[in-house]
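Residues 600 to 812 in our numbering are what the sequence shown spells out, letter by letter. By construction, the Cβ of each residue, glycine as well, lies at the ideal position given by its N, Cα and C atoms. Have a look at the structure below, then the notes.
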Amino acid sequence: MLPLIRPGDTVSLCLINGDELKKTGDLIAFRQHGGLIVHRFIKQRRINKSLWLCQKGDNLSGWSWILEDDVLGRVEAIRGRGKVIYLNTRPWTWINRVMGISWFLWISFVEKVRLSKVYAVVGRPLPALGGLAGRMGRALNSAYGYIVIKAIGGQDMMIDERQEKKGKAKEEKGRNTMPKYIPPKIVTYTSDEILEEIGPAMACSPSPCGTNP
């Protein structure tokens, strides 16, 4: 899920069942091969009374189907690089929905291409459609990476602006309350203090669904 989730980041989950997933593009955590994986939920399908969920990593060329019982929860926030990204706030709600719908359309197209190959005349594959699907997938990967990097950069600018405003406010308050013969106090901020401007850091324990801590 690079560049949104990087090694060392911490995710906060809302524990839900697989059948509760309704929004295409939500990030979900699920168990696979003894480990925990975070990918994007695309769509669901019921086969023989079992509910299967289509999931895909944004930087992977393929996708796979998992049983609803494998789902652990929905990702609500990502903490790392000195910031917290709340996925239930803008612009992330928009980004997730756009990417989810884009991957939904792409996967549906590829599935139809594969189905058409099955029913095509033996020895007459359809390489043109297969190549088009591959190019579309690579284009979506590139677009997603660009959008996420821009969004994260935009949040960094917002934090810097809030830090600057906070520093000016404290400096102005110092001028008004201190005796005139004492120079204004120079204030420095740690990364934890900056985070107070956008909300407290989230722990790994489950948080209330749809709400920021």
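- Between the C-alpha atoms of Val674 and Phe640 there is a straight-line separation of about 11 Å.
- The closest CA to that of Ala676, considering only Lys682, Pro690, Leu686, is found on Leu686.
- Distance from the CA atom of Glu619 to the CA atom of Arg737, rounded to whole angstroms, is 30 Å.
- By the C-beta criterion, the segment 699-716 is judged to be in contact with the segment 627-644, since at least 3 inter-stretch pairs fall below 8 Å.
- Secondary structure at Thr623: coil, using DSSP grouped into helix, strand and coil.
- With a beta-carbon spacing of about 14 Å, Val637 and Ile615 fall beyond the 8 Å limit used to define contacts.
- For Ile646, DSSP records a beta bridge to Ser649.
- Classified as buried, Lys655 has 16 or more neighbouring CB atoms from the shown chains inside 10 Å of its CB.
- Runs of the beta strand (DSSP E) lying entirely within the segment 648-697 and spanning at least 3 residues, in chain order: 649-655, 663-666, 670-679, 682-685.
- Annotated three-state conformation of Ile706 is helix, per DSSP.
- Following the DSSP letters along the chain, one finds Leu612 inside the beta strand (DSSP E) bounded by residues 609-614.
- Note that the C-beta distance between Asp668 and Tyr743 is not below 8 Å.
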